[in-house]
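Protein chains in written order, with my numbering: chain A, 5 to 200; chain B, 674 to 895.
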C-alpha cells in the first residue's frame, strides 16, 4: 500500500509528466487557455490513461510476450489506444450524454497525445505490475491535471500582459512554463523523505 | 514549386519546430546533449522520409475517412524498424533516447507533414519535403542542445570546454532550461522572420491533425 502511495506521489509531483518529462506539451500549451477547458481535458486524460494502461498491460503480458511478439509493442499500443478512445467516445455518447458533452470534444485529441502512449510504455519499462501500473497512470494523469490547472491561471494573466513584440504569444507562454517547472523542483526528494 | 524549395523550406522558413511548432515534446526532452539530439533528429528524419514517401504513394488507395489510423500504423511500423536497428547497432543511443524513441510515433511533425503535404503531393516531392523537414528538425535540435549543453554542463558532444565546464548553469540542462531556451529561440526566429504571433491565431495548432476538433471546441467556449 505504501509503495502504491509513493508511486502515486512520485508520478504526480516529482516526475510530473508535463513539467519534468515534457510529455503532453501540445495540449499543455494549446488547451490551457482557460480553467474550464483545462479541467475537461485533464479529466479525459486521466480517464484514458488509466484505461489504456490497464488494457495495454494485459495485452503485453498475456498476449505479446508469451508469443514472442514484444517488438510489436509500439504498433499495437498506438492502435489499441486509438481504438479505445473511439470506443469510449461511442459508449459515452450513447450511455452518459452529460459526461459526453463535458469530455467528448477532448477525446479525439488524446489519441495522438504522447503522454498516454508514454505512460503505457514507461510502466512496462519500469517492470510494474498491473496495480502499480494503473496507480502510476492515475498519478501521471493527476500531475497533468495539476500542471494544466495551475498553468491556466498563469496564462489568464500573461494573455493580458504586454511582453516585447517577438515574445508575444508562444515564447512568453514557454517562459512562464519554465518558471512553473522550476517551482515543481520544490517537490524533489519529497517521496524519499516521506516514505524512506 | 521547384524541387529545391521543397527541400529548403523546412530549414528556416517553415521550420517544423520553431515556425510550425510541431514536435515540441522530443525537442524539449532530448536537447540536453548534442549527441543525443543528432541521434533523435536522424531517427525522426528517417521515419519522416519513409512515411512521407509511402503515404504519398498510397494517397489514392487509403480511404479518406480512415486515413489518420492508416498513417499512424504506417508511421509506427517505421518507428519499430528504427527502434530495432538502434537497439542492435547503437545501443548507447537507444538507452539515451529511452521512451522518446517509441514516442516518435506520436511526434506531430510526422503526422502533420503526412496530413499537410504527403497526401496531396507526388512521391518525390513528399520524400524531399520529409528530408527538408527532417534536416530542419535535426538542426533545431542541435542548436538547442548545443546552447543547453555548452552553457549548462560546459561540454559539447561530450568534449569539455575549458572555463565553462567549471561554471555551468546547471538549470539549463534540467526541465526549466528546456522551456526557457525554446521560448527564446522562437522569439529569435519571430524577430528574424519579422513575424508576430497573435494569440488569436495559434500557429502551433495549425499543423496538428486534431486542429479541427480543437478549433471547433475553441469557438464553443468563447
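Note that CB positions come from ideal geometry on N, CA and C, so glycine has one too.
message: Can you give me the C-alpha to C-alpha distance between residue 62 (chain A) and residue 103 (chain A), rounded to a whole angstrom?
response: 27 Å
Residue 706 (chain B) at chain A interface by Cβ criterion, 8 Å: no
field: Within chain A, partners of residue 723 (chain B) - CB distance below 9 Å
entry: Per Cβ cutoff of 9 Å: no residues; residue 723 (chain B) is ~14 Å from chain A at best.
- request: Spatial neighbours of residue 32 (chain A) within its chain, please: CB distance less than 6 Å, with the 5 preceding and 5 following residues excluded, ordered by chain position.
  value: Counting only residues of its own chain and dropping the five nearest sequence neighbours on each side, residue 32 (chain A) has a CB closer than 6 Å to the CB of 22.
message: Along the region 808 to 834 of chain B, where does the CB come closer than 7 Å to a CB of chain A? Name the residues.
response: none
field: C-beta neighbour in chain B for residue 36 (chain A), strict 8 Å
entry: no
field: Closest Cα partner of residue 739 (chain B) within the set B:788, B:716, B:725 and B:711
entry: B:788
message: Counting only Cβ pairs nearer than 9 Å, list the residues of chain B close to residue 48 (chain A).
response: Those do not exist, as residue 48 (chain A) stays about 12 Å from chain B at its closest Cβ, beyond 9 Å.
query: Name the residues in the region 845 to 869 of chain B whose C-beta lies less than 8 Å from a C-beta of chain A; which are they?
result: Under the 8 Å Cβ criterion, the region 845 to 869 of chain B contributes 847, 848, 849, 850, 851, 852, 853, 855, 856, 857, 859, 860, 861, 863, 864 and 869.
field: Reduced DSSP category for residue 828 (chain B) - H, G, I as helix; E, B as strand; rest coil
entry: strand
task: Rank A:77, A:111, A:64 and A:12 by C-alpha distance to the C-alpha of residue 753 (chain B) and give the top, closest one.
output: A:77
message: Looking at the strands, I want to know which residues DSSP matches up with residue 833 (chain B).
response: B:828
field: Member of B:748, B:833 and B:861 whose CA lies at the smallest distance from the CA of residue 813 (chain B)
entry: B:861
query: If you pair each beta-carbon of the region 108 to 125 of chain A with each one of the region 773 to 788 of chain B, do three or more pairs fall below 8 Å?
result: yes
- prompt: Quick one: does residue 689 (chain B) have its CB under 8 Å from some CB of chain A?
  reply: So no, residue 689 (chain B) is outside the interface.
query: If you compare alpha carbons, which of A:155, A:99, A:151 and A:179 is closest to residue 20 (chain A)?
result: A:151
query: Exposed or buried, residue 160 (chain A), counting other C-beta atoms within 10 Å across all chains shown (16 or more means buried)?
result: exposed
task: Please report how far the alpha carbon of residue 45 (chain A) lies from the alpha carbon of residue 53 (chain A), in whole angstroms.
output: Rounded to the nearest angstrom, the two C-alpha atoms are 12 Å apart.
query: Taking Cβ to Cβ, would you say residue 720 (chain B) is nearer than 8 Å to residue 783 (chain B)?
result: yes
- prompt: Is it true that the CB of residue 718 (chain B) sits closer than 8 Å to the CB of residue 808 (chain B)?
  reply: yes
is_contact[residue 23 (chain A), chain B] using C-beta, thresh 8 Å: yes
- request: For residue 129 (chain A), count neighbouring Cβ atoms within 10 angstroms of its own Cβ and tell me buried if that reaches 16, exposed if not.
  value: exposed
message: Counting only Cβ-Cβ distances shorter than 7 Å, please list the residues of the region 734 to 755 of chain B near chain A, keeping chain order.
response: Those residues of the region 734 to 755 of chain B that come within reach of chain A (Cβ to Cβ, closer than 7 Å) are 742, 745, 746, 749, 750, 752 and 753.
message: My assumption, with CB atoms under 8 Å, is that residue 27 (chain A) sits in contact with residue 122 (chain A). Please give the rounded CB distance.
response: 4 Å
Assigned exposure category for residue 870 (chain B) - 16 Cβ within 10 Å defines buried: Residue placement at residue 870 (chain B) is poorly supported in this model, since its pLDDT is 48, which falls under 50; the coordinates are not used for a value here.
query: Roughly how far, in whole angstroms, is the beta-carbon of residue 79 (chain A) from the beta-carbon of residue 749 (chain B), given that I think they are within contact range, below 8 Å?
result: 4 Å
field: Short CB-CB distance (under 8 Å) between residue 91 (chain A) and chain B
entry: no
- request: Work out the CA separation of residue 767 (chain B) and residue 759 (chain B) for me, nearest whole Å.
  value: 6 Å
Simplified DSSP state of residue 73 (chain A), which is helix, strand or coil: coil
- prompt: Does the region 5 to 16 of chain A come close enough to the region 169 to 184 of chain A that 3 or more CB-CB pairs lie under 8 Å?
  reply: These segments do not touch.
- request: Starting from the C-beta of residue 786 (chain B), find all residues in its chain whose C-beta is less than 7 Å away, skip the five residues before and the five after it, and write them out in chain order.
  value: 721, 725, 802, 803 and 806
Span separating the alpha-carbon of residue 74 (chain A) from that of residue 124 (chain A): 14 Å
task: Look at residue 849 (chain B) and residue 41 (chain A) and say whether their C-beta atoms are less than 8 Å apart.
output: no
- prompt: How about the region 832 to 851 of chain B and the region 133 to 153 of chain A: do they share at least three Cβ pairs that are nearer than 8 Å?
  reply: no
message: Short of 7 Å Cβ to Cβ, which residues in the region 772 to 794 of chain B face chain A?
response: Under the 7 Å Cβ criterion, the region 772 to 794 of chain B contributes 772, 775, 776, 778, 779, 781 and 784.
Best match in A:127, A:98, A:25 and A:106 for proximity to residue 57 (chain A) [C-alpha to C-alpha]: A:127
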